[in-house]
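Trainee:
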Amino acid sequence: MSINKDTIVAIFLLLFCGIMINSSFDIEDPGYQGMKASFWPTIVLCLLSVMSLVMLIKSIVSTTDNNLNSENTNSQNIFLKFKNASICFLMFILFLAFLDYLGMLIGGVLFVFGLLTLLGGFEIKKIINHSIISIITIGIMWSIFTFGLKVILPEGEILRIW
Amino acid sequence: MIDVILQAFASIVLDPVTLGLMFVGTLAGILAGAIPGFTIAMGVILTLPFTFGMTAVQGLATMLGVFVGGFSGGLMSCMLTGIPGTPSSVATTFDGFPLVRSGRPGLALGLGLWSSFFGGMISAVILVALAPQLAFLGLEFGPWDYFSLIIFALTITVSLSGGNITKGLIAGLLGLFAATVGEDEINGVARFTFGFDDFKQGFAFLPVLIGLFAFSQLLTDVEDDKRAKSPLMSQSGTVVKVEHRQAILIILKRWVNLFRSSFIGIFTGILPAAGGSISNILAYDQAKKASPNRSNFGKGEYDGVIAPEAANNATAGGALIMMMALGIPGDIVTAVMLGALMIHNIIPGPTFIQDEPLLAYGVFIAFFVAHFFMVGLQAFSLRIFLLVTKIPMYVLASVILAYCAIGVFALHNIVFDIWVMFFFGIIGYFMKKLGFPLAPMILGVVLGKLAELNLARATGISDDMFLFISRPWSLFFLLMAVISVIFPFYQEAKKETLFAKLYVPVSMIVLSLPLFLMGSPVRMIVAVILVLTGTYFLYKRTSSLKTT
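Note that the protein sequences, when read in sequence, are chains A and B. Numbering of the first sequence is given in numbering that gives the first Met the number 0, commencing with residue 0 and proceeding in unit increments. Numbering of the second sequence is given in numbering that gives the first Met the number 0, commencing with residue 0 and proceeding in unit increments.
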């Protein structure tokens, strides 16, 4: 018997199913004839629970899967492995959080510049390149969508006040 | 009919805007296919936001340009650098790269290019001939049959997407669940909204798709710090002159291989989830088995280039057949196209070709035209490809992440869609890390609402659940679903085991039952053939068991 990544994922999925099945009881029944609104999601969640349980049993019985205590899972390796992905997540959250203030044009330029610099490095030459790339690419995309496709992209409070 | 075809032809070929869009689409497709780490699906997904402001014909024609271009783009990188640009050009590397290294790069590129062209043309003809017939067949389907067909599409996606079948099924079910969030279409009741008003609209399918597929892929691409900072390709390749005439003559002399590989591609494309990544290897394998020069394979054999390239372009036509005829996407690319049609309030299904003949024939013609663009643009795109390969992945990924956000916002003009994309991007990234295939989840999201709608219709017409197994088509699809779920176990089983020996013949005999129930003479004949072949195999295999 071993506990591995699949065990944790299966337990998480079972918890998720439990919460969702519980909230499916709150789905309103307007009393119309035919299939109830909760019927299909309940079927899907029940099947998902069964498959998660199968995954849990398989992961516990399995002897080959990567164990949680293996060297791959020490904190330094995990940090290095997910460093760039975490930077992307963080930058994207910041971009979305400030979208109302900065708008798509300024926010987009800052997002691309920030991400390029954090992923690519802080040398002067690179920073100049990154700023050129971010201004040109976002500028072109913003122009295509705003003037070509007539999409009203978020303007942002800064540009509105200005 | 002729006037519809002529009108559709005019809407594509005589419209300079559509032609221009197809030109750009094909060029973008070739480049997307050529860049390792990028896939054709990624190219088509990123094209989608640009199509919002276009007409349905223009949007689909542009996407078809990317689709067709992508298949042939893969051959440039695999031949010139030995690195396949897309999974659908892996087998081309086996003989394409040695042929280039032997000093014939122009001929190698020519063989790949024209095999792609001929394979695409053959599949285009089959698409035009088969799609309306299959749609005709689809008119026989009731909601029970449609529901079972969707179940089959999901199970076969799970079994063909590779890896762990339990994880594949979980991914498919998560996709089906994601499609239930928001107001349900039948009763208008809110589900799983947890008090958030934004959730009432549900998760729009395109932000989910872009998040799951493109966003998560970009995060994976920049994961390795060293790789993210180095140029896309270390071996850059050089511009070569394509030997068109000689390549065409060689291919036409090997027409049997060309047709066999094209039909393998079409058949693989028709199967949900089985795309060019499978067809090119299958075709290569068959070409090798059938060739008198078997020992030359891997050393620059012409047939080894013709087979995978003809097959992967033919796959595109096969995938379109299912989408056009039944409204069931065969892969992620056709799922995106389905989404593009839905944006224009067009729901593909068996009546699609009859209801929207101009659009349907427009798609057929655009598919033909895209192949001509592909041939014409190859030399030009080769130069751009050599420039693009010098860009590091982190630059490309950063710019495309921003582009994804702008594109997704353009769909409904709401910021919530960007959050949805981001949320599903994280889910997709971790699912990939944990070994869950994404294709079943994407198909689950696409087909979830359709499955529920048909289940509601079926139960609304009759309470009798037995209809799901008493109606021949429904029974046929459910049996296919069971067979497809067992398929990965068959693949893993050792050849000499009883299970491995019985799987194919028993499946054939079992599948004949619904065909007998259908009653029409042609289907009865097919059923008899299935029973006879299955029995023959059963006899042969059980007798070999006795002797051992």
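Ideal Cβ placement from N, Cα and C applies to all residues, glycine included.
If you draw a straight line from the C-alpha of E70(A) to the C-alpha of L114(A), how long is it?
Mentor: Here residue 70(A) corresponds to residue number 71 of the first sequence, with the count starting at 1. Here residue 114(A) corresponds to residue number 115 of the first sequence, with the count starting at 1. Note that E70(A) scores 49 on pLDDT, short of 50, meaning its location in the model is unreliable and no value can be drawn from it.
Trainee: So, at 7 angstroms on beta carbons, what are the nonlocal neighbours of G119(A) in its own chain, with the 5 sequence-adjacent residues on each side left out?
Mentor: Taking the first sequence and counting its residues from 1, the one referred to as residue 119(A) is at position 120. So the qualifying residues of the chain are K125 and H129.
Trainee: Note down, in chain order, all residues in the segment 100 to 120 of chain B with a beta-carbon under 9 angstroms from any beta-carbon belonging to chain A.
Mentor: Going along the segment 100 to 120 of chain B in chain order, one finds no residue with a Cβ nearer than 9 angstroms to chain A.
Trainee: Do I383(B) and I265(B) come within 7 angstroms of each other at the CB atom, strictly closer than that value?
Mentor: To locate residue 265(B), count along the second sequence from 1; it is residue 266. To locate residue 383(B), count along the second sequence from 1; it is residue 384. No, the pair does not count as a contact, with Cβ atoms beyond the cut-off.
Trainee: Quick one: is V188(B) near chain A, going by C-beta distance under 7 angstroms?
Mentor: As a working note, residue 188(B) is residue 189 in the second sequence. Cβ-Cβ to chain A under 7 angstroms: yes for V188(B).
Trainee: Go ahead and pull the three-state DSSP assignment for G181(B).
Mentor: As a working note, residue 181(B) is residue 182 in the second sequence. Three-state DSSP puts G181(B) in a strand.
Trainee: Around the Cβ of L173(B), are there at least 16 other Cβ atoms within 10 angstroms (buried) or fewer (exposed)?
Mentor: Position 174 of the second sequence, counted from the first residue, corresponds to residue 173(B). Classification for L173(B): buried.
Trainee: Does the Cβ-Cβ distance between G42(B) and V65(B) come in under 7 angstroms?
Mentor: Along the second sequence, one-based indexing puts residue 42(B) at 43. Along the second sequence, one-based indexing puts residue 65(B) at 66. Cβ atoms of G42(B) and V65(B): closer than 7 angstroms.
Trainee: Excluding the five sequence neighbours on either side, which residues of its own chain have a C-beta within less than 6 angstroms of the C-beta of A282(B), listed in chain order?
Mentor: Translated into the one-based positions of the second sequence, residue 282(B) becomes position 283. Correct list, in chain order: S260, I263, A306, P307 and A310.
Trainee: Would you list, in chain order, the members of the segment 427 to 439 of chain B that have their beta-carbon closer than 7 angstroms to a beta-carbon of chain A?
Mentor: So the list reads Y428 and L433, given in the order they occur along the chain.
Trainee: Runs of 3 residues minimum, wholly inside the segment 408 to 496 of chain B: which ones carry the beta strand (DSSP E) assignment?
Mentor: Complete beta strand (DSSP E) runs here, min 3: none at all.
Trainee: Report the neighbours of Y402(B) on chain A: residues whose CB is nearer than 7 angstroms to its CB, in chain order.
Mentor: Position 403 of the second sequence, counted from the first residue, corresponds to residue 402(B). Within chain A, the residues near Y402(B) are M140.
Trainee: Give every residue of the same chain whose Cβ lies closer than 6 angstroms to the Cβ of F366(B), excluding the five residues on either side of it in the sequence, and list them in chain order.
Mentor: The count along the second sequence starts at 1 and reaches residue 366(B) at position 367. Excluding sequence neighbours, F366(B) sits near L63 and A123.
Trainee: Alpha helix (DSSP H) containing N21(A): first to last residue?
Mentor: For the purposes of this step, residue 21(A) is taken as residue 22 along the first sequence, with counting starting at 1. Where N21(A) is concerned, the enclosing alpha helix (DSSP H) stretches over K4 to S23.
Trainee: Among W418(B), V188(B), L30(B) and T350(B), which has the Cα closest to the Cα of T85(B)?
Mentor: Mapped onto the second sequence, residue 85(B) falls at position 86. Out of W418(B), V188(B), L30(B) and T350(B), L30(B) has the C-alpha closest to the C-alpha of T85(B).
Trainee: Would a check of beta-carbon distances place I26(A) closer than 7 angstroms to chain B?
Mentor: Taking the first residue of the first sequence as position 1, residue 26(A) is located at position 27. Chain B, which has a Cβ nearer than 7 angstroms to the Cβ of I26(A), makes this yes.
Trainee: Decide if A393(B) is buried, meaning its Cβ has at least 16 other Cβ atoms within 10 Å, or exposed.
Mentor: Residue numbering aside, residue 393(B) sits at position 394 when the second sequence is read from its first letter. Residue identity check: residue 393(B) is Tyr in the sequence provided, not Ala. By the neighbour-count rule (16 or more Cβ atoms within 10 Å), Y393(B) is buried.
Trainee: Which value, in whole angstroms, describes the spacing of the CA atoms of L168(B) and I157(A)?
Mentor: As a position in the second sequence, residue 168(B) is number 169, starting the count at 1. As a position in the first sequence, residue 157(A) is number 158, starting the count at 1. So the alpha carbons of these two residues sit roughly 48 angstroms apart.
Trainee: By the three-class DSSP mapping on this structure, what secondary structure does A189(B) have?
Mentor: If you number the second sequence from 1, residue 189(B) lands on position 190. Note: A189(B) maps to strand in three-state DSSP.
Trainee: Run through the DSSP bridge pairs and tell me what P230(B) is partnered with.
Mentor: Indexing the second sequence from 1 puts residue 230(B) at position 231. Note: P230(B) sits in a beta bridge opposite P391(B).
Trainee: Quick one: which chain B residues come within Cβ less than 7 angstroms of N83(A)?
Mentor: Here residue 83(A) refers to the residue found at position 84 of the first sequence. Within chain B, the residues near N83(A) are V221, E222, D224 and A227.
Trainee: Say whether chain A places a C-beta atom closer than 7 angstroms to the C-beta of D463(B).
Mentor: The count along the second sequence starts at 1 and reaches residue 463(B) at position 464. No, its Cβ sits nowhere closer than 7 angstroms to a Cβ of chain A.
Trainee: For G533(B) and F476(B), what's the separation of their Cα atoms in angstroms?
Mentor: Start at 1 with the first residue of the second sequence, and residue 533(B) comes out as number 534. Start at 1 with the first residue of the second sequence, and residue 476(B) comes out as number 477. Taking the straight line joining both Cα atoms gives about 19 angstroms.
Trainee: Quick one: is M140(A) buried, meaning 16 or more other Cβ sit within 10 Å of its Cβ, or exposed?
Mentor: On the first sequence, residue 140(A) is found 141 positions in, with the first residue counted as 1. So M140(A) counts as buried.
Trainee: Starting from the beta carbon of K124(A), find every residue of chain B whose beta carbon is closer than 8 angstroms, and list them in chain order.
Mentor: Against the first sequence, residue 124(A) aligns to sequence position 125. In chain order: nothing, as chain B lies at least about 14 angstroms away.
Trainee: Specify, as a first and last residue, the run of the alpha helix (DSSP H) that R100(B) falls within.
Mentor: Walking along the second sequence from the start, residue 100(B) turns up at place 101. R100(B) -> alpha helix (DSSP H) spans V89 to R100.
Trainee: To the nearest angstrom, report how far apart K240(B) and G138(A) are at their CA atoms.
Mentor: Start at 1 with the first residue of the second sequence, and residue 240(B) comes out as number 241. Start at 1 with the first residue of the first sequence, and residue 138(A) comes out as number 139. In a straight line, the C-alpha of K240(B) is about 36 angstroms away from that of G138(A).
Trainee: From the DSSP output, in three-state form, read off V221(B) for me.
Mentor: Locating residue 221(B) in the second sequence gives position 222, counting from the first residue. Coil, per DSSP.
Trainee: How about G459(B): is its C-beta nearer than 7 angstroms to some C-beta of chain A?
Mentor: To locate residue 459(B), count along the second sequence from 1; it is residue 460. Yes, G459(B) lies at the interface with chain A (some Cβ there is under 7 angstroms from its Cβ).
Trainee: Rounded to the nearest angstrom, what separates L47(A) and I131(A) at their Cα positions?
Mentor: Taking the first residue of the first sequence as 1, we reach residue 47(A) at position 48. Taking the first residue of the first sequence as 1, we reach residue 131(A) at position 132. If you take the alpha carbons of L47(A) and I131(A), they lie about 48 angstroms apart.
Trainee: Can a CB atom of chain A be found closer than 7 angstroms to the CB of V12(B)?
Mentor: As a working mapping, residue 12(B) is identified with position 13 in the second sequence. Taking Cβ atoms only, chain A never reaches closer than 7 angstroms to V12(B), which makes this a no.
Trainee: Give the C-beta separation of V99(B) and L79(B) to the nearest angstrom, bearing in mind that I take them to be a contact with Cβ-Cβ under 8 angstroms.
Mentor: Here residue 99(B) refers to the residue found at position 100 of the second sequence. Here residue 79(B) refers to the residue found at position 80 of the second sequence. Right, their Cβ atoms sit about 7 angstroms apart.
Trainee: For M21(B), which residues in the same chain have their Cβ closer than 7 angstroms to its Cβ, ignoring the five residues on either side in sequence?
Mentor: Along the second sequence, read from residue 1 onward, the residue named residue 21(B) stands at position 22. So the list reads A60, T61, G64, A365, V368, A369 and F372, once near-sequence residues are dropped.
Trainee: Could you list which residues in chain A have their beta carbon closer than 8 angstroms to that of A455(B), in chain order?
Mentor: For the purposes of this step, residue 455(B) is taken as the residue at position 456 of the second sequence. Here the neighbours are G33, M34 and W39.
Trainee: Taking buried to mean at least 16 other C-beta atoms within 10 Å of its own C-beta, is L386(B) buried or exposed?
Mentor: Position 387 of the second sequence, counted from the first residue, corresponds to residue 386(B). Exposed, by the Cβ-count rule.
Trainee: Would you mind reading off the limits of the alpha helix (DSSP H) that contains D144(B)?
Mentor: As a working note, residue 144(B) is residue 145 in the second sequence. Counting along the chain, the alpha helix (DSSP H) containing D144(B) begins and ends at P142 to L159.
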